[in-house]
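*Asks:* Pasting a structure below so you can have a look.
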Amino acid sequence: MDTSSVWRRKNKALSCFPRLNNPLRFEMVIKKRTSTGPGVEVHPDYIFPLVLTSATQELFGCRADEDLTEASPYKLLNKEDVVQDMKTRAAVSDFSPVKQFVLDYPDDEILLVFDREFTYGQSFYLALTPEAKERILHTPQAAEAQPGEVQGQEELVVKSPEPQAWIPLGSELEIEEDSTKFSRDKLRYRVSRARRDFGAPVSFSDHVAVDDVHKCVSFKDEKFTIKLMEKECEVQAIPILSNSSAQTQWEYPKNMCTQYEPRGFSMEEKENYRQSEKLRKFMNTVAPSVFRALQQNHIMDVFVDDWRTLGEDVGGKVDTHLKEYQSFTDLNYSKDKTISHINWHPSINGIVAVAMVERASLEERIDNSTKLLLKHPLILFWSFSDPIKPQLLLECPDDVLAFEFCPSDPNIIVGGCMNGLVVLWDISAHVDRLQGTRPSGGRSTSVSTETFDLEEKRKNDVPVVHYCAISAIESGHKAPITDVQWLPETFEVSRMGVPLVNPNTACVQLVTCAPNCSLMFWDIRAQRVGVQPLSDKKQRVEDNPYSVLDTFSHLNLTWKPLLKVTLPRIDSSAARLPYSPLKFSLQHNCRDRLAERGETPLDYSNLRVTSAKNPEPLGDFNTKFYVGTEDGELIHTDWKLEKDNDSGRLFSCKPLTYVIAHDGLINTVQRSPFFKDIILTVGGWTFALWKDGVMEGALMQSPCSETKYTVGYWSLTRPAVLFIGRADGSMEVWDLLEKSHEPSEVQNITIDSITCIKPFFSKLHFLALSDDLGTLHVVQIPWTLYNPSSNEKLKIGKYLEKEVERLLYFMKRMEMRGQEKNSMEAEEQRKKMEPMVGERTMEVKEEEDRKEYGRYLAQVKRWQGVTDSSSRNPPVGNPQSTFPISVWDPLSAGASSSYTSSNSVCFHGTLHMYGRTGRGVLPRSSTNVLTPGC
1 MDTSSVWRRK NKALSCFPRL NNPLRFEMVI KKRTSTGPGV EVHPDYIFPL
51 VLTSATQELF GCRADEDLTE ASPYKLLNKE DVVQDMKTRA AVSDFSPVKQ
101 FVLDYPDDEI LLVFDREFTY GQSFYLALTP EAKERILHTP QAAEAQPGEV
151 QGQEELVVKS PEPQAWIPLG SELEIEEDST KFSRDKLRYR VSRARRDFGA
201 PVSFSDHVAV DDVHKCVSFK DEKFTIKLME KECEVQAIPI LSNSSAQTQW
251 EYPKNMCTQY EPRGFSMEEK ENYRQSEKLR KFMNTVAPSV FRALQQNHIM
301 DVFVDDWRTL GEDVGGKVDT HLKEYQSFTD LNYSKDKTIS HINWHPSING
351 IVAVAMVERA SLEERIDNST KLLLKHPLIL FWSFSDPIKP QLLLECPDDV
401 LAFEFCPSDP NIIVGGCMNG LVVLWDISAH VDRLQGTRPS GGRSTSVSTE
451 TFDLEEKRKN DVPVVHYCAI SAIESGHKAP ITDVQWLPET FEVSRMGVPL
501 VNPNTACVQL VTCAPNCSLM FWDIRAQRVG VQPLSDKKQR VEDNPYSVLD
551 TFSHLNLTWK PLLKVTLPRI DSSAARLPYS PLKFSLQHNC RDRLAERGET
601 PLDYSNLRVT SAKNPEPLGD FNTKFYVGTE DGELIHTDWK LEKDNDSGRL
651 FSCKPLTYVI AHDGLINTVQ RSPFFKDIIL TVGGWTFALW KDGVMEGALM
701 QSPCSETKYT VGYWSLTRPA VLFIGRADGS MEVWDLLEKS HEPSEVQNIT
751 IDSITCIKPF FSKLHFLALS DDLGTLHVVQ IPWTLYNPSS NEKLKIGKYL
801 EKEVERLLYF MKRMEMRGQE KNSMEAEEQR KKMEPMVGER TMEVKEEEDR
851 KEYGRYLAQV KRWQGVTDSS SRNPPVGNPQ STFPISVWDP LSAGASSSYT
901 SSNSVCFHGT LHMYGRTGRG VLPRSSTNVL TPGC
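1 is the number of the first residue of the sequence shown in the UniProt record's numbering; add one for each residue after it.
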């Protein structure tokens with residue numbers, strides 16, 4: 001219903017009622033009814049029907065059928081009581097419809113009549129004038145008359161109300177403004193049809209619409225907008241409340257100098273003071289106090305912080321819980337999305353940036369590829385001062401999995417996309433907006449006083465920054481970029497991977513990695529060779545619909561990597577693919593040199609690549625780094641390229657060492673901020689600590705968790721504290737000084753998996769963590785987790801050194817045990833080969849025994865006088881004669897024994913083996929009777 005119709009109905013309703021403040025304004029003569037049929041009579045103007053509640057009836061003593069009946073229907077009410085009731089109950093009072101009549105009533109008593117038959121529509125009616133009261137009280141015929149009786153055929157003259165002059169109060173202007181006025185003539189259209197088409201037969205046919213049907217689904221084009229030139233809206237003007245403060249202007253301090261001439265004593269005055277009795281008494285008086293103070297300072301340090309020392313040893317329960325400070329989410333930008341990476345702004349406190357990606361599987365991305373192409377991913381900048389709406393939006397060509405602020409200039413941001421492209425942004429034009437939202441202290445929120453919060457206006461309030469440059473599609477990664485880092489400003493890398501001196505003293509190169517088995521080095525400076533044509537510059541200016549800064553216009557769509565490092569397998573197995581890196585850690589960390597150069601920003605568009613004619617290589621520079629793969633392997637490799645002597649081609653060297661660190665993909669490879677040679681890796685169900693150069697094993701490895709570990713991070717203020725995120729939304733806090741076999745604190749933060757964590761500290765210590773639902777949680781770290789204990793770094797350093805010694809000792813023991821095992825295996829093999837050697841010795845021994853037996857036969861023949869040596873049957877000797885017998889034991893390594901026998905022995909020309917006792921060797925000193933085996 002529009003406004004004009006509402007006003008017309010209102011004025012029509014007001015014109016239907018007489019003015020209540022003057023009951024005698026209209027003269028109305030009512031013709032009395034003579035019919036006895038049902039219906040409600042129109043009441044005269046000197047009475048007013050009322051509805052009295054039971055509470056009002058009881059208050060004024062006019063209860064129906066009790067105080068007032070059909071025989072006695074009258075009740076005189078005190079005017080003051082009625083006025084007091086209207087003041088007490090105001091609009092709730094039953095007399096409020098006749099308030100003005102009661103106030104203007106001249107007498108002290110007002111007549112109330114009980115209408116049992118509801119003649120005028122209500123159970124009571126009130127006499128509005130004294131004349132009406134007298135008329136009703138002094139006409140008993142009317143009171144005694146029955147409802148069905150005819151009161152007469154008296155007919156009175158009816159006077160019509162006289163029209164009154166219209167008094168304008170301003171409503172006609174509003175009606176005229178809201179009324180529709182035609183500003184042009186109406187358009188006329190004529191639709192005609194040939195006469196022969198009327199009544200013509202119509203025929204319909206069936207057609208299978210399978211391949212010919214094309215659906216044209218409507219979609220919203222964000223690049224096309226219709227500018228709203230004029231809009232009518234109504235707002236309620238209210239004063240805008242604002243808090244303001246003023247402070248005296250701070251004057252910049254200046255160094256001032258004053259020339260003066262020192263005043264001193266002469267030699268005579270000095271000698272007089274030395275010999276004075278006053279000085280001697282003073283020295284004798286203060287000397288004991290000075291000596292006592294010096295002794296106390298030597299015994300106890302008066303400058304130590306007692307409260308801080310006391311805080312470490314305070315007993316009782318200590319609060320170690322992470323308290324949620326703020327959470328950030330948006331209904332439009334965070335719906336059906338997850339957060340892949342978090343970064344705090346390096347120079348503006350209270351600003352945190354998050355990368356939003358689609359929460360979809362590979363199959364869902366393929367099915368909805370058209371929809372995803374029309375909807376650009378974003379990086380949101382949140383501020384503590386406004387948790388409802390982001391302060392800045394960075395438009396991305398695809399989902400960004402990792403991004404980093406430039407340490408030399410925080411306005412430069414680099415990101416790695418899921419499609420393998422590298423993106424650069426420049427937010428220099430929006431720094432004032434981010435700084436204006438920085439909180440002055442504590443938690444503050446901005447309150448909007450607008451009455452209408454239109455969604456379209458809300459979107460337009462947040463600026464969207466388009467990317468300045470993207471890498472060439474054919475030269476980038478062929479897989480999603482999972483990690484990106486800036487190289488330090490102290491050096492740069494050549495195309496051969498050789499570290500050179502960086503003359504710009506600013507971060508100009510970066511490193512990216514992707515699971516396509518490679519790492520790439522990129523340079524953001526312009527090339528020296530080649531001059532860009534003027535036509536290309538004009539074309540780029542014309543093709544800039546988003547007003548993008550031209551800081552990196554020389555790189556857009558032509559940016560190629562400076563160096564590509566692959567990770568081949570150590571075992572050179574052709575069946576297995578090279579290593580697939582996910583995270584990496586360089587030995588040299590970037591540091592912010594913005595304070596050293598001052599607040600003057602660096603113009604990256606004027607930088608040029610270092611000339612290759614006079615390079616300045618850095619000597620004794622470590623180019624080795626660590627890489628975590630998707631197979632749970634930790635690799636130690638070098639980024640320098642090697643040259644083939646035969647072909648002269650450059651190729652990446654094989655990794656130095658590798659170790660299977662985890663049973664799942666490695667999602668964190670990070671060096672400790674206190675110990676640059678200690679590395680944290682997180683993957684699968686465990687995390688581990690490694691020492692640079694010691695790849696025999698982990699210094700420490702956690703027990704297997706019930707749920708997977710998704711991310712990990714070192715504490716920025718305590719060397720012994722680690723933060724580990726899990727897939728069930730819980731956060732584990734490990735304090736190595738307290739426990740090393742289990743976490744010191746496990747706290748549930750969210751209901752879904754934790755995807756990224758990043759600590760930050762200024763005045764307060766915060767930990768930003770994101771979940772798989774697209775919500776950013778900022779929790780406050782308790783005092784015990786960010787305040788280091790005394791000599792904590794020294795204690796952790798000794799603990800890690802002992803772990804290194806333990807690992808090396810364990811490896812030595814393993815090597816020694818391996819050697820022992822090899823020697824034992826060799827001994828067992830030698831024992832297995834001994835029977836074969838024994839068999840070859842048996843043949844030799846048999847030959848020797850034959851020769852000895854021949855000699856024995858010759859001796860026997862000499863004893864018995866037998867000369868025929870060709871006889872095969874041995875002679876039968878004297879039964880009482882004795883002769884020696886030689887026995888050979890094959891198990892006694894060829895040893896033989898001689899025995900003497902007194903019995904007769906029958907020989908058949910063959911050597912018989914006799915039984916043996918014990919170990920198989922007959923005792924030499926014993927005499928045995930041998931029975932030959934025939």
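The beta-carbon is built from N, C-alpha and C at its ideal position, and this holds for glycine as well. Only a predicted model underlies this, so the values are computations on that prediction, with no experimental measurement involved.
Which class does histidine 341 belong to by DSSP, given the choice of helix, strand or coil?
*Replies:* Here DSSP, grouped into helix, strand and coil, assigns histidine 341 to strand.
*Asks:* Are valine 508 and leucine 618 closer than 8 Å when you measure CB to CB?
*Replies:* no
*Asks:* Please confirm whether glycine 497 and threonine 329 have their CB atoms less than 8 Å apart.
*Replies:* No.
*Asks:* Between alanine 132 and serine 160, what straight-line distance do the alpha-carbon atoms span, to the nearest angstrom?
*Replies:* Approximately 22 Å, taken between the alpha carbons.
*Asks:* Between the Cα of glutamate 358 and those of Val352, Gly170 and Leu373, spot the shortest distance and give me the residue it belongs to.
*Replies:* Leu373
*Asks:* Taking asparagine 343 and phenylalanine 381 to be in contact with their CB atoms under 8 Å, please state how far apart those CB atoms are, rounded to whole angstroms.
*Replies:* Between phenylalanine 381 and asparagine 343 the Cβ distance is about 10 Å, and since that is not below 8 Å, they are no contact.
*Asks:* Residues in its own chain within less than 7 Å of asparagine 516 by CB, not counting five upstream and five downstream?
*Replies:* His477, Lys478 and Ala479
*Asks:* Glutamate 847: buried (16+ other C-beta within 10 angstroms of its C-beta) or exposed?
*Replies:* exposed
*Asks:* Would you tell me roughly how many angstroms separate the C-alpha atoms of glutamate 827 and aspartate 752, rounded to the nearest one?
*Replies:* Those two C-alpha atoms are separated by around 60 Å.
*Asks:* Out of Thr750, Gly725 and Thr755, state which residue places its alpha-carbon closest to the alpha-carbon of proline 743.
*Replies:* The candidate whose alpha carbon is nearest that of proline 743 is Gly725.
*Asks:* So, helix, strand or coil for serine 383, using DSSP?
*Replies:* In the three-state reduction of the DSSP assignment, serine 383 falls in the strand class, which pools E and B.
*Asks:* Quick one: residues in its chain with C-beta nearer than 7 Å to the C-beta of leucine 378, no 5 flanking neighbours on either side, listed in chain order?
*Replies:* Tyr333, Met356, Leu393, Leu394, Glu395 and Cys396
*Asks:* Let me know the secondary structure DSSP gives serine 494 once reduced to three states.
*Replies:* coil
*Asks:* What is the DSSP secondary structure of valine 694, reduced to helix, strand or coil?
*Replies:* Under the three-state reduction of DSSP output, valine 694 falls in the strand class.
*Asks:* Taking only three categories from DSSP, how would you classify alanine 472?
*Replies:* coil
*Asks:* Residues in its own chain within less than 6 Å of glutamate 732 by CB, not counting five upstream and five downstream?
*Replies:* Result list for glutamate 732: Ile724, Pro743 and Val746, in chain order.
*Asks:* Output needed for aspartate 115: all residues of its chain with C-beta closer than 8 Å, excluding positions within five of it in sequence on either side, in chain order.
*Replies:* Pro49, Pro73, Gln122, Ser123, Phe124 and Tyr125
*Asks:* Confirm, please, whether the CB-CB distance from leucine 794 to valine 779 is below 8 Å.
*Replies:* no
*Asks:* Could you tell me if aspartate 305 is buried or exposed, where buried requires 16 or more neighbouring beta carbons within 10 angstroms of its beta carbon?
*Replies:* Exposed: under 16 other Cβ atoms inside 10 Å.
*Asks:* Under a three-way DSSP split, which group does phenylalanine 291 fall into?
*Replies:* helix
*Asks:* The ligand ADP and tryptophan 166: does the residue's C-beta get closer than 7 Å to at least one heavy atom of that ligand?
*Replies:* Ligands in the displayed structure: none, and consequently the ligand ADP is not present.
*Asks:* Using only CA atoms, which one of Ile299, Gly648, Lys583 and Pro655 lies nearest to glycine 628?
*Replies:* Lys583
*Asks:* Could you say which of Ile175, Trp486 and Leu279 lies nearest to glutamine 587 if we only look at CA atoms?
*Replies:* Nearest C-alpha to glutamine 587: Trp486.
*Asks:* According to DSSP, simplified to helix, strand and coil, what is tryptophan 166?
*Replies:* Coil, per DSSP.
*Asks:* Based on the DSSP output, what are the partners of tyrosine 713 in its beta bridges?
*Replies:* Tyrosine 713 is bridged to Phe723.
*Asks:* Hey, quick one: how far does the beta strand (DSSP E) through glycine 199 stretch, first residue to last?
*Replies:* Note, glycine 199: premise wrong, no beta strand (DSSP E); not H, not E.
*Asks:* In chain order, what are the residue ranges of uninterrupted beta strand (DSSP E) at least 3 long that sit wholly in the segment 228-252?
*Replies:* As far as the segment 228-252 is concerned, it has no whole beta strand (DSSP E) run of at least 3 residues.
*Asks:* Can you tell which of Gln275, Asp178, Val423 and Ala64 has its C-alpha closest to the C-alpha of glutamate 232?
*Replies:* Nearest option by C-alpha distance: Asp178.
*Asks:* For alanine 194 and isoleucine 226, I'd like the C-alpha separation in whole angstroms.
*Replies:* 41 Å
*Asks:* Alpha carbons only, please: which of Asp336, Ile238, Tyr325 and Trp783 is nearest the one belonging to serine 715?
*Replies:* Trp783
*Asks:* Look up methionine 520 in the DSSP assignment and give the residues it is bridged to.
*Replies:* Note: methionine 520 is bridge-paired with Thr512 and Lys564 in the DSSP secondary-structure output.
*Asks:* Touch check for the segment 550-561 and the segment 417-433: three-plus C-beta pairs under 8 Å?
*Replies:* yes
*Asks:* Residues bridged to aspartate 771 by DSSP?
*Replies:* Ile754
*Asks:* Is it buried or exposed for glycine 416, if we count other Cβ within 10 angstroms and need 16 for buried?
*Replies:* It counts as buried.
*Asks:* Start and end of the beta strand (DSSP E) containing tyrosine 658?
*Replies:* 657-660
*Asks:* Between the C-alpha atoms of glutamine 57 and serine 93, what's the straight-line distance to the nearest angstrom?
*Replies:* Rounded to whole angstroms, glutamine 57 and serine 93 show a C-alpha spacing of 12 Å.
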